[in-house]
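Asker:
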Amino acid sequence: MKLFGSSGIRGLANKEITVDLALNVGLALGRSHKSAVIGRDPRVSSEMIECALVSGLVSAGCDVVKIGVVTTPTLAYAARKYDCGVMITASHNPAQYVGIKLWNPDGMAFDSAQQEEIERIIEQQDFVAVPWNEIGDITSDSSAIKDHAELILSNVKPVRMRVVVDCGCAAGSTITPFLLREMGCEVITLNAQLDGHFPARNPEPTEENLWMLKKAVKEFGARVGIAHDGDADRMMAVDENGEFVSGDEMLAIFALRECKDSGKLVVPVDTSMMVADSLPLSEVVYTRVGDVYVAEELKKVGATFGGEPSGSWIFPRVSYCPDGILAAALLVEMVQETSLAKMRDVLPKYPTKRGTLPCDNMEKERVMQAIAIRMKQMGKVTDIDGVRVEMKDGWVLIRPSGTEPKIRITAESRENVEELYAMAEKIVKENL
Numbered sequence: 000m001k002l003f004g005s006s007g008i009r010g011l012a013n014k015e016i017t018v019d020l021a022l023n024v025g026l027a028l029g030r031s032h033k034s035a036v037i038g039r040d041p042r043v044s045s046e047m048i049e050c051a052l053v054s055g056l057v058s059a060g061c062d063v064v065k066i067g068v069v070t071t072p073t074l075a076y077a078a079r080k081y082d083c084g085v086m087i088t089a090s091h092n093p094a095q096y097v098g099i100k101l102w103n104p105d106g107m108a109f110d111s112a113q114q115e116e117i118e119r120i121i122e123q124q125d126f127v128a129v130p131w132n133e134i135g136d137i138t139s140d141s142s143a144i145k146d147h148a149e150l151i152l153s154n155v156k157p158v159r160m161r162v163v164v165d166c167g168c169a170a171g172s173t174i175t176p177f178l179l180r181e182m183g184c185e186v187i188t189l190n191a192q193l194d195g196h197f198p199a200r201n202p203e204p205t206e207e208n209l210w211m212l213k214k215a216v217k218e219f220g221a222r223v224g225i226a227h228d229g230d231a232d233r234m235m236a237v238d239e240n241g242e243f244v245s246g247d248e249m250l251a252i253f254a255l256r257e258c259k260d261s262g263k264l265v266v267p268v269d270t271s272m273m274v275a276d277s278l279p280l281s282e283v284v285y286t287r288v289g290d291v292y293v294a295e296e297l298k299k300v301g302a303t304f305g306g307e308p309s310g311s312w313i314f315p316r317v318s319y320c321p322d323g324i325l326a327a328a329l330l331v332e333m334v335q336e337t338s339l340a341k342m343r344d345v346l347p348k349y350p351t352k353r354g355t356l357p358c359d360n361m362e363k364e365r366v367m368q369a370i371a372i373r374m375k376q377m378g379k380v381t382d383i384d385g386v387r388v389e390m391k392d393g394w395v396l397i398r399p400s401g402t403e404p405k406i407r408i409t410a411e412s413r414e415n416v417e418e419l420y421a422m423a424e425k426i427v428k429e430n431l
């Protein structure tokens, strides 16, 4: 059994992620945790899964505090007062998905060993239902959003500028516009009404999905545009010219701020050469794709900053949880000093191409084994996560998605990136 992917438990609501599964996760978690805080994003299925999880937790004797619709970083910060935190979210996935992510009090997601223990308990049905008079209590707390906002405000300076925020009808609506206003910004919001159908756009903050934000930044003359995914652990941006800032650019920009040209940072294997080349005095540590793995390595090596090109930014001086709200606040603080377009101009640029091909989850292992055999003939191979091949002028990475039934392909080269990508895509198609 393998429930946990690269970012918690995630799948189609009522098909892969069922009420029975949620109940079992609650029962398993409640075995070793006596208090838990639980939050959810606004997905249609989130409250259903929350109810089942709470039932399992209290049945095992765990006291539960519900904090309602919040962002994942808000939940992770709230977890500091409890034995663990539980977030019901499928993050950037479309509306039909739902998921469960578990958090430690220090703001780090459950590590591999903790995940394996939860899976073992569920697989062996090793549950313990307590007597009636030891059933856990269920209470509510409405202070989590305020507490999270106050934490961020204590780490940033006042900023006066016009900002456009696209919340995607998701959990970021509960905090980011209000926080930026508290900082002193004039905030124009897009899609800031909670709606679990996500009618405005797909929750993933890609350039394709942020056309509305790009247009609004230019029309309103804003200095920057901010966008979140479904649970606001991710943050992506648009500069003052209405141009989308790539994830690798954002990673380099934050790394330059946090590492001050030196220090240690942690990034996944699909990160651009741009990042390492921008920080020649820093030590760059590579890890598997997934914020859980980045956070684990951050803690292990004592790094200053970590992040993923997908939009997850981790500031360990505050929390080991990717915090899109904190990232938004820090970005507008930076933009007050230097425009985002100017920050981008100084970065080295290499052509990069990313894409995906559909692949059933049950077929991923077979497909990747066949791909690995082919790729080893092409250059130096790194197999931390998928298969990454280093070549003279660039690299290509083929890896199975940890959250969706897809194979992901990333290619980067100083020249001829289209040819490199086409070669990798051909290899994947031949082995599907």
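No gaps in the numbering here: position 209 of the sequence shown is 208 in numbering that gives the first Met the number 0, and each next residue is one more. Each residue gets a CB set at the ideal place from its N, CA and C atoms; glycine is no exception.
1. Any idea what DSSP makes of Glu-181, helix, strand or coil?
2. Note down, one range per segment and in chain order, each beta strand (DSSP E) of at least 3 residues found wholly within the stretch 392-419.
3. With H, G and I counted as helix, E and B as strand and the rest as coil, what does DSSP make of Arg-287?
4. Please name the residue in Ala-94, Met-377, Ile-313 whose C-alpha comes closest to that of Pro-198.
5. Just mark Phe-243 as buried or exposed, buried being the case when its beta carbon has 16 or more other beta carbons within 10 Å.
6. State yes or no: is the C-beta of Val-268 within less than 8 angstroms of the C-beta of Val-288?
7. If we ignore side chains and look at the alpha-carbon of each, how far apart do Ala-21 and Asp-344 end up?
8. Are the stretch 182-191 and the stretch 68-79 touching, with three or more C-beta to C-beta distances below 8 angstroms?
9. I'd like the span of the alpha helix (DSSP H) that includes Glu-257, first residue to last.
10. Which same chain residues, not among the five before or five after Asp-82, have their C-beta less than 6 angstroms away from its C-beta?
11. Grab me the residues of Asn-208's own chain with a C-beta within less than 6 angstroms of its C-beta, minus the 5 sequence neighbours each way, in chain order.
12. Can you confirm whether the stretch 295-310 touches the stretch 372-386 when touching is taken to mean that 3 or more C-beta pairs between the two stretches lie within less than 8 angstroms?
13. What is the DSSP secondary structure of Ile-383, reduced to helix, strand or coil?
14. Nearest by alpha-carbon distance to Ile-174: which of Leu-150, Gly-4, Val-223, Lys-405 is it?
15. Per DSSP, what are the beta-bridge partners of Gly-4 in this structure?
16. Judging by CA-CA distance, which residue of Val-317, Val-293, Gly-229 is the nearest neighbour of Thr-88?
17. Report the three-state DSSP secondary structure of Lys-263 (helix, strand or coil).
18. State whether the stretch 251-267 contacts the stretch 365-377, with contact taken as three or more CB pairs (one from each stretch) at a distance under 8 angstroms.
19. Quick one: any contact between the stretch 164-172 and the stretch 221-235, if contact means 3 or more CB pairs under 8 angstroms?
20. Given that a residue counts as buried once 16 or more other Cβ atoms are within 10 Å of its Cβ, and exposed if not, what is Thr-355?
21. Taking its Cβ as the centre, do 16 or more other Cβ atoms sit within 10 Å of Gln-123, making it buried, or is it exposed?
22. If I measure Cβ to Cβ from Trp-102 and keep anything under 8 angstroms in the same chain, skipping five residues before and after, which residues do I get?
23. According to DSSP, simplified to helix, strand and coil, what is Met-107?
24. Just checking, does the stretch 7-21 make contact with the stretch 40-53 on the three C-beta pairs under 8 angstroms criterion?
25. Would you mind sorting Trp-131 into buried or exposed? The rule is 16 or more other CB atoms within 10 Å of its CB.
26. Exposed or buried, Gln-192, counting other C-beta atoms within 10 Å across all chains shown (16 or more means buried)?
27. By Cβ distance, which residues of its chain are closer than 8 angstroms to Glu-257, with the 5 residues on each side in sequence left out?
28. Can you pull the DSSP bridge partners for Glu-389?
29. Rank Asp-238, Thr-205, Glu-203, Arg-233 by C-alpha distance to the C-alpha of Lys-217 and give the top, closest one.
30. In this structure, how does DSSP classify Gly-55 when only helix, strand and coil are distinguished?
31. By the three-class DSSP mapping on this structure, what secondary structure does Pro-72 have?
32. Looking only at C-alpha atoms, which of Ser-142, Lys-80, Asp-194 sits nearest to Pro-41?
33. Which residue marks the beginning of the alpha helix (DSSP H) containing His-147, and which one marks its end?
34. Using beta-carbon positions only, say whether Asp-247 and Ser-271 come within less than 8 angstroms of one another.
35. Between which residues of its own chain and Asp-140 is the CB-CB distance below 7 angstroms, once the five residues before and five after are set aside?
36. On the criterion of 16 or more Cβ atoms from any shown chain inside 10 Å, does Gly-38 qualify as buried, or is it exposed?
Answerer: In short, the structure shows the following:
1. helix
2. Considered as a whole, the stretch 392-419 harbours 393-399, 405-412 as its complete beta strand (DSSP E) runs of no fewer than 3 residues, in chain order.
3. coil
4. Ala-94
5. That one is buried.
6. yes
7. 47 angstroms
8. no
9. 246-258
10. His-32, Lys-33, Ser-34
11. Arg-200, Asn-201
12. no
13. coil
14. Ranking the options by Cα distance to Ile-174, first place goes to Leu-150.
15. Gly-7
16. Gly-229
17. strand
18. no
19. yes
20. exposed
21. exposed
22. Leu-74, Ala-75, Ala-78, Cys-83, Gly-84, Val-85, Met-86, Ala-108, Phe-109, Cys-320
23. coil
24. yes
25. exposed
26. Per the 10 Å Cβ criterion, exposed.
27. Leu-264, Thr-303, Phe-304, Phe-314
28. Paired residues: Lys-379, Trp-394.
29. Asp-238
30. helix
31. helix
32. Asp-194
33. 143-152
34. yes
35. Contacts found: Val-64, Ile-66.
36. buried
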